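Accompanying notes for the structure given below.
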């Protein structure tokens, strides 16, 4: 009987904590987003951006290289900060992308498909956002049927004065690349931030991350690539 009463009390305590946490989140959400305008860039965002390459393959018909990456963003939006003690100790939220200001980054030379995900928001107003993206691009053919690919990713509409850009860590990584299952081996080349001014946009500077990657066909896929080369001529 005592054990039963203890179990009931524990269950009620857990339920109360859960309800309190949920109420805190609901109250916080209202505070943060009732008057939030996602069309306005945050001030002093400290935006960082990087690419984590995951997998790549060569498309025979289109002669494109399809590359799966995780785009990694981190920044601060001071409008989205709060004091946890005022919201039942809530220290973070996971927020759908369509509620937030997000960097409008695009692959400059090629096409992309993305799977949007939620961003992690902490009480300091710091956000981490890592969508999965498929890049489709044409690459330069090199010696031994290698493919030299150049990726340039940056904002299409927000200049570097309004939104300065820095690298996330080293800017690009192969730490998550699926070497065993990917048809192409990957070798990371130069990674750099570039800033260029455009006369069509009032000579304002725009920043982008440029990454070079060399892909090599594995032996089991060489025949397919030779066939593609034959059809190219």
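Residue numbers (mature numbering (1 follows the signal peptide of the UniProt record, and there is no 0)): -19 to -1, 1 to 214. Built from N, CA and C at the ideal position, the CB exists for glycine as well. Note that the structure is a prediction, hence the values are computed from the model and not measured.
- [ ] Quick one: grab the DSSP three-state call for residue 199.
- [x] coil
Exercise. Could you say if the region 43 to 60 and the region 104 to 112 meet the contact criterion of at least three C-beta pairs nearer than 8 Å?
Key: yes
Can you have a look at residue -4 and say buried or exposed, based on whether 16 or more other CB atoms are within 10 angstroms of its CB? Per-residue confidence for residue -4 stands at a pLDDT of 43, beneath the threshold of 50, marking its modelled position as unreliable; no derived number is given.
(Q) Could you tell me the alpha carbon to alpha carbon distance between residue 37 and residue 49, rounded to whole angstroms? (A) 6 Å
Report task. Enumerate in chain order the residues of its own chain whose CB-to-CB distance from residue 196 is below 6 Å, with the five nearest sequence positions on each side excluded. Result -> 37, 128, 165, 167
- Proximity below 7 Å, CB of residue 154 to CB of residue 33: yes
Query raised in the report: Do residue 116 and residue 91 have their C-beta atoms closer together than 7 Å?
Result: yes
Return helix, strand or coil for residue 194, following the three-state DSSP convention.
strand
Give, in chain order, every unbroken run of the alpha helix (DSSP H) that is at least 4 residues long and sits entirely within the region 105 to 159. none
Exercise. Do the CB positions of residue 171 and residue 193 come within less than 7 Å of each other?
Worked result: yes
- Message: Please report the distance separating the alpha-carbon of residue 23 from that of residue 82.
- Response: 8 Å
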